[in-house]
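Numbering (UniProt numbering), first residue to last: 1 to 204.
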Amino acid sequence: MPSERSIVSTALSAALGQVWECIEFWTPLTSVIIILWLLYRPDHFYPTVDSAVLATLNLTTDEPPNLQYDLAVNVSFRNSHSRLSIRYLDISATAFCGSGTKLGPADDALPTPFRQGPKNTTVLHPAFRGMVAVDSMVTAWLKKELEAVMVHVNLRLSLTIKYRVMWPFIEIFFYKYDCWLWFPPPGLAAPAIFDAGTRCWVVN
């Protein structure tokens, strides 16, 4: 009869053989999946602000003052991938000025969800109009910007997108971007125009 040690050794050898067979099977398959994922994932995804119009940005005579604003922006979302489509599940846009004063979310809800095909560009048009109460710091900031003849506004974009790398693998990502815009001070008769174009940067 085989000894107990021989039985244990045989069982261990069989187990190691099964583990090695699994490694031989899964390693090439895993390598193929990783390579395909790297080839097909739509990286380098950055929205771009093509142009913007700042019709109004001024302080009222109230005490404390309010900040009136009227801002319209054209934002491009480019799917540069040659094979994959992107599905936008949610998009929101918010504008800020000064030390983080919120000019409110866009007046109109941005269209979602929608699908964007390969090598395709979608242009959306968020607009911000209204009035917000401000403190002395924002008042000082705006006066300083007007004296320097350059007004800076930050457009914050938040995206939730989904894409299928390959069947049946689906990935969902959430991104935040800051898009910095600069304008000459808007006048009573003529709005300020931003037409330099700028790429938006991912917020960590």
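Here a beta-carbon is modelled for each residue, glycine too, at the ideal position from N, C-alpha and C.
Leaving out five residues before and five after residue i in sequence, what residues of the same chain have Cβ atoms less than 7 Å from its Cβ?
| i | result |
| --- | --- |
| P65 | L59, V134, T139 |
| F128 | Y69, L71, A95, L103, G104, A106, D107 |
| P186 | L54, A55, T56, L57, A192 |
| V203 | K176, Y177, D178 |
What does residue i pair with, by DSSP beta-bridge criteria?
| i | result |
| --- | --- |
| S79 | In the sequence as displayed, the identity of residue 79 is Asn instead of Ser. Paired residues: N120. |
| A190 | For A190, which the question treats as bridged, DSSP gives no partner whatsoever. |
| W141 | In DSSP, W141 forms no bridge with anything. |
| F45 | DSSP output for F45 lists no bridge partner at all. |
| C179 | L155 |
| S85 | Partner(s): none; S85 has no beta bridge. |
| V203 | In the DSSP output, where bridge partners are listed per residue, V203 has none listed. |
| P105 | T94 |
| V132 | L67 |
| A52 | V73, F194 |
| E171 | Y163 |
| L59 | L67 |
| A127 | A72 |
Determine, using beta carbons only, whether residue i and residue j come nearer to each other than 8 Å.
| i | j | result |
| --- | --- | --- |
| V132 | G104 | yes |
| V153 | C97 | yes |
| Q75 | L181 | Reading off the sequence, residue 75 comes out as Val, not Gln. It is not a contact, given that the beta carbons lie outside the stated cut-off. |
| F77 | P47 | yes |
Considering only residues of the same chain and omitting the five flanking positions on each side of residue i, which have a CB-CB separation below 8 Å?
| i | result |
| --- | --- |
| M137 | G98, S99 |
| F194 | V49, S51, A52, V53, L54, L181, W182, F183 |
| F114 | R87, Y88, T122 |
Identify which residue in the options has its Cα closest to the Cα of residue i.
| i | options | result |
| --- | --- | --- |
| P184 | K162, E145, D108 | E145 |
| V149 | S92, G197, A192 | A192 |
| A196 | S51, F45, A93 | S51 |
| T198 | E147, A93, V73, D62 | V73 |
Quick one: residues in its chain with C-beta nearer than 6 Å to the C-beta of residue i, no 5 flanking neighbours on either side, listed in chain order?
| i | result |
| --- | --- |
| L124 | V75, L110 |
| I91 | L110, T112, L159 |
| G130 | G104 |
| I161 | I86, Y88, F173 |
| W141 | G98 |
| A189 | none |
Report task. Flag this pair as touching only if the region 149-158 and the region 169-186 have three or more C-beta atom pairs under 8 Å; answer yes or no. Result -> yes
Query raised in the report: Counting Cβ pairs closer than 8 Å, one from the region 109-122 and one from the region 77-89, do we hit at least three?
Result: yes
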